[in-house]
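Chemist: My questions will all concern the structure given below.
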Amino acid sequence: MMSFIIADLSVIPEAVKPVYLTSRLGMQFPILATFFALTFLPFYQKIHDVVLCISLLLVCYANYWLIVQCWKIAEFSFSYEGTLLYGLFCMFIMRLSFKFSIIFVLFTILGFALIIFSYPVYAGFGMVNLGFVSLGLIISLIGVKQIENAFGRFQQLNEKLVRLNQIDQLTGLYNRGALEQQFDLMLSVSNRIGTSISVFMIDLDNFKDFNDGHGHLRGDEVIQTQAEILRQVFNRETDTVARYGGEEFIVISLGINAQASEALAAEVLREWVRRKIKHGKGQGQDFVSCSIGLISTQVDKETQKKHLIDTADKALYAAKDKGRARFINADNLDIL
């Protein structure tokens with residue numbers, strides 16, 4: 001900024017130097033210093049567009065004041081190109097949003113038009129200069145809109161990629177990787193608020209026999225049905241349902257005790273009975289069913305994710321050993 005001031009002072013008339021310094025050091029510099037200070041506020045990003053738009057408009061109008069004073073004092077035509085520079089800086093460097101860029105452009109053009117129609121600052125070139133400034137700012141506005149659209153498309157693509165990385169494509173549930181991250185978060189929350197956590201391991205019974213006998217498309221449909229049932233039963237905000245791999249699923253629930261956990265597991269089994277999807281292949285029973293192993297425990301600093309999953313998994317295998325189509329609570333087994 002100082003280099004611009006020194007350059008300007010070398011070419012402007014002596015009579016207007018005081019108002020020039022007033023505009024630059026007494027108006028524009030404090031405005032920019034205030035803007036810079038506001039950027040350190042913890043909530044600044046929420047007010048970025050408002051603060052930036054107002055700050056740059058104030059700087060722009062301080063420059064307009066200087067143009068008028070230079071003409072009044074010495075009939076000196078001070079350069080107007082700074083108006084365009086302020087606009088470009090505001091919209092492209094500081095990333096003013098399109099909505100606020102419209103406001104900035106309208107008030108900038110309005111202020112410059114008032115000067116042109118009120119004072120013969122630029123003699124016969126006033127309208128030409130107004131047209132040049134207006135056209136430059138409008139073109140910049142179009143550029144901002146295109147950049148904002150491109151950025152929006154990029155964000156959508158990025159969100160889609162994140163979703164593809166976290167979501168199982170067949171069921172729409174979390175995949176195993178996403179579940180691992182979510183599980184860590186839920187353990188942390190559960191420990192902090194002192195609540196219980198329940199882990200359910202769910203596996204379709206004799207699924208390979210079903211897949212081989214009815215075909216992979218029907219097998220995919222059964223996997224999707226299992227996902228649908230789990231979403232239906234575990235529908236609280238504190239429930240996380242994921243496909244753990246193949247025909248195996250996992251559910252993490254916060255804030256429910258062993259009795260409530262068993263009731264939810266029983267509801268999953270009843271839902272399969274209601275569906276009456278025929279199996280009858282290999283060692284499969286007449287209808288498709290699932291087995292469930294669960295553990296419900298109070299969380300503390302010593303609680304380990306791997307231990308909970310392993311324990312629920314052992315309970316799942318115990319359910320299969322006892323004939324499938326049932327749930328086993330790890331509390332009832334000597335596996336803790």
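Residue numbers for the sequence shown follow UniProt numbering, beginning at 1 and rising by one.
Every residue, glycine too, gets a C-beta built ideally from N, C-alpha and C.
In this text, all values refer to a predicted model and were calculated from it rather than measured experimentally.
So, with DSSP's three-state summary, where would you put L170?
Modeler: Along the sequence shown, one-based indexing puts residue 170 at 170. It is coil, neither helix nor strand.
Chemist: Should Y44 go down as buried or exposed, given a rule of 16 or more other Cβ atoms within 10 Å for buried?
Modeler: Counted from its first residue, the sequence shown places residue 44 at position 44. Y44 comes out exposed.
Chemist: Do the CB positions of Q283 and N165 come within less than 8 Å of each other?
Modeler: Taking the first residue of the sequence shown as 1, we reach residue 283 at position 283. Taking the first residue of the sequence shown as 1, we reach residue 165 at position 165. No, the pair does not count as a contact, with Cβ atoms beyond the cut-off.
Chemist: From which residue to which residue does the alpha helix (DSSP H) around M94 run?
Modeler: Taking the sequence shown and counting its residues from 1, the one referred to as residue 94 is at position 94. Segment: none, M94 is in no alpha helix (DSSP H) and carries neither H nor E.
Chemist: Unbroken alpha helix (DSSP H) runs of length 4 or more, entirely within the stretch 131 to 209: which are they?
Modeler: Listed in chain order, the complete alpha helix (DSSP H) runs (minimum 4 residues) inside the stretch 131 to 209 are 176 to 193.
Chemist: Of all the options F76, A150, F112, which has the alpha carbon lying nearest to the alpha carbon of V128?
Modeler: Start at 1 with the first residue of the sequence shown, and residue 128 comes out as number 128. Here the closest residue by C-alpha is F112.
Chemist: If we count Cβ pairs, one from each stretch, closer than 8 Å, do we get three or more for the stretch 238 to 258 versus the stretch 272 to 287?
Modeler: No, because fewer than three Cβ pairs between the stretch 238 to 258 and the stretch 272 to 287 fall closer than 8 Å, the two stretches do not touch.
Chemist: Under the assumption that L32 contacts V68 (Cβ atoms under 8 Å), give the Cβ distance between them as a whole number of angstroms.
Modeler: Working through the sequence shown from its first residue, we reach residue 32 at position 32. Working through the sequence shown from its first residue, we reach residue 68 at position 68. Rounded, the Cβ-Cβ distance is 21 Å, inconsistent with contact.
Chemist: Can you tell me where the alpha helix (DSSP H) holding V59 begins and where it ends?
Modeler: By 1-based counting over the sequence shown, the position of residue 59 is 59. First-last of the alpha helix (DSSP H) with V59: 44 to 74.
Chemist: What three-state label does DSSP hand L336 in the structure shown?
Modeler: As a first step, residue 336 must be located in the sequence shown, where it is residue number 336. Reliability fails at L336, whose pLDDT of 47 lies under 50, so the model's placement of it is uncertain and the value that follows must be treated cautiously. Correct three-state label for L336: coil.
Chemist: Give me the Cα-Cα distance between Y317 and E302, rounded to the nearest whole angstrom.
Modeler: Counted from its first residue, the sequence shown places residue 317 at position 317. Counted from its first residue, the sequence shown places residue 302 at position 302. Between Y317 and E302, the C-alpha separation is close to 25 Å.
Chemist: Indicate whether A62 and V16 have their beta-carbon atoms separated by less than 8 Å.
Modeler: Taking the first residue of the sequence shown as position 1, residue 62 is located at position 62. Taking the first residue of the sequence shown as position 1, residue 16 is located at position 16. Taking 8 Å as the Cβ cut-off, A62 and V16 do not qualify as a contacting pair.
Chemist: Tell me the rounded alpha-carbon separation between G126 and P42.
Modeler: Sequence index remark: in the sequence shown, residue 126 carries index 126 (1-based). Sequence index remark: in the sequence shown, residue 42 carries index 42 (1-based). Distance between the alpha carbons of G126 and P42: 44 Å.
Chemist: Go ahead and pull the three-state DSSP assignment for V241.
Modeler: Within the sequence shown, numbered from 1, the residue matching residue 241 stands at position 241. DSSP places V241 in strand when its eight states are reduced to three.
Chemist: My output table needs one value for E247: the three-state DSSP class, helix, strand or coil.
Modeler: The residue labelled residue 247 in the question sits at position 247 within the sequence shown. It is coil, neither helix nor strand.
Chemist: Mind checking which residues open and close the beta strand (DSSP E) that includes S3?
Modeler: By 1-based counting over the sequence shown, the position of residue 3 is 3. Counting along the chain, S3 falls outside any beta strand (DSSP E), though it belongs to the alpha helix (DSSP H) covering 2 to 9.
Chemist: According to DSSP, simplified to helix, strand and coil, what is N211?
Modeler: Here residue 211 refers to the residue found at position 211 of the sequence shown. Correct three-state label for N211: helix.
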